[in-house]
Amino acid sequence: MTSTPEILCIGSVLWDIIGRSSSHMRVGTDVPGRIIRVPGGVALNIAMTLRRQGMVPALLSAVGKDAEGAELLADCRRRGLITDHIYLSEDLPTDRYMAVEGANGLIAAIADAHSLEEAGDKILRPLSNGMLGRADAPYSGLIALDGNLTEALLAHIATDPLFAQADLRVAPASPGKATRLLPLVEAGRATLYVNLEEAGLLCQTEFPDAASAAAGLVARGAKRALVTDGGRLSADGDADAVITRQPPEVMVTRVTGAGDSFMAAHIVAEARGADRDAALKAAQAAAAAHVSGETPYD
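Numbered according to UniProt numbering, the sequence shown spans residues 1 to 298.
As structure tokens, then:
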């Protein structure tokens, strides 16, 4: 499809392979359950949620010229996502993510995003070659960026003039990759979406709650920080104030993609003119619907 995007989603576009059981699990547990394969990756999860809520996202990522890649791109286009700007690799396979979830939450996960990492700055070419922007007219719209990019590329984005005019919204791919975002924090250019653990890793400390974590990230240099803490208070902080809100209580049936749903719903709410409190409420509602299973995999 060809259209004008309202937001760019930059990062991982891959297949999620998720095993889920209704039983509590621990290391070595062997239980019955279901195994599904669905389109995923932080950038794609955000894009799908944005599209369901009426925005038109374009994907900037790397996908292999293999059967899995062709199937994934066809699925993205069917969902109304713009795939024209995705880098297609002849020699890199389409990335995958594998997770095991039990009644007690995420048990383990492995993200194989090596193709995205190896593609490097090739995925950003549309921002400089005139398709979406160029040096003398940088892209000035919304960008959702995920932390599956390499540390070097994220550091480059933090200071690259091509991103200077953008409304940059950033999320780590996982706690294990959270520290990759440090250059973006210190550059003071981005709005961060993190959980309490990720905030602590970025600030090299432990925070007792989301409010102190948001304040800590802003003190570290972040333009703005939204911090979640499971069923406890979430926070939205900038240099002027930190606000908090209690998320709705729900039965947790899945966890993969909850943070992506939160971020996407928050972006949509603000794009439609919601104030900070209303946007935070909308983000929490979307995350709650996701973890409770009310939002189906489609």
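Just so you know, even glycine gets a beta-carbon here, dropped at the ideal spot from N, CA and C.
Note that the structure is predicted; figures quoted are calculated from it, not measured.
Under DSSP, M48 shares a beta bridge with no residue. Residue state for L73 is assigned as helix, using DSSP reduced to three classes. Between the alpha carbons of A113 and A152 lies a distance of about 15 Å. L217 is a Cβ neighbour of A225, given a cutoff of 8 Å. Beta-bridge annotation (DSSP): N195 is paired with T228. Going by C-alpha positions, A155 is about 24 Å away from L88. DSSP, reduced to helix, strand and coil, places D84 outside both helices and strands of the structure shown, so it counts as coil. The segment 48–63 and the segment 17–37 do not touch, with fewer than 3 CB-CB distances between them shorter than 8 Å. Here the alpha carbon of E186 sits roughly 46 Å from the alpha carbon of P32. Per DSSP, the continuous alpha helix (DSSP H) segment holding A211 begins and ends at 210–220.
The straight-line gap separating the alpha-carbon atoms of R180 and P172 is approximately 8 Å.
Around T159, the same chain offers A187 as residues with beta carbons nearer than 7 Å, after the five sequence neighbours per side are excluded. In the structure shown, M263 adopts helical secondary structure according to DSSP, grouped into three states.
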